[in-house]
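Some notes on the structure that comes next.
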Amino acid sequence: MNSITRGVGSDAAESVSYLLFIQLFSAASRNESLTEEMDAALPRVIGHSVVVDRWIRQNGKWYLRQRIYQQMSINSTFLPDSRQREEIAQTHTKLE
0 MNSITRGVGS DAAESVSYLL FIQLFSAASR NESLTEEMDA ALPRVIGHSV
50 VVDRWIRQNG KWYLRQRIYQ QMSINSTFLP DSRQREEIAQ THTKLE
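Residue 0 is where the sequence shown starts when you use numbering that gives the first Met the number 0, and the numbers rise one by one after that.
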């Protein structure tokens with residue numbers, strides 16, 4: 000994680016964080032059923048994101064007011080296949 004925080008006035012602040020998610024341990028060590036071929040590629044990046052947090056200070060304490068995921072990427076190995084993603088997208092579109 001790499002994070003930068005700056006003040007925005009006396010009672011507000013903003014943090015920008017770059018998060019990197021790395022898998023270090025095999026699926027077998029967690030009793031999961033991923034393939035040995037996948038485990039051979041360890042360590043590996045699972046995903047990354049850029050997050051903006053907005054903070055406020057009340058009564059001398061800092062509280063998270065808002066979190067915005069500006070960017071997020073997840074290794075496709077951990078996502079449903081393309082057909083299933085398309086079905087999910089169609090369902091979501093119909094709800095709107």
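Glycine included, C-beta positions come from ideal geometry on N, C-alpha and C.
Drop a sphere of 10 angstroms on the beta-carbon of residue 83, count the other beta-carbons inside from all chains shown, and report buried for 16 or more, exposed for fewer.
-> Residue 83 sits at position 84 when you count from the first residue of the sequence shown. Counting Cβ neighbours within 10 Å, residue 83 comes out exposed, since fewer than 16 surround it.
Can you name the residues that DSSP bridges to residue 4?
-> Mapped onto the sequence shown, residue 4 falls at position 5. Secondary-structure assignment with DSSP links residue 4 through a beta bridge to 14.
Excluding the 5 residues preceding and the 5 following residue 68 in the sequence, name in chain order all residues of the same chain whose CB lies nearer than 7 Å to its CB.
-> Counting from 1 along the sequence shown, the entry for residue 68 is found at position 69. Excluding residues within five positions, the ones whose Cβ falls inside 7 Å are 48 and 50.
Taking just the CA atoms, how far does residue 12 sit from residue 62?
-> The count along the sequence shown starts at 1 and reaches residue 62 at position 63. The count along the sequence shown starts at 1 and reaches residue 12 at position 13. Distance between the alpha carbons of residue 62 and residue 12 is about 10 Å.
Bridge partners - residue 148, DSSP secondary structure assignment = Absent from the model: residue 148. The displayed extent of the chain is 0 to 95, so no value can be given.
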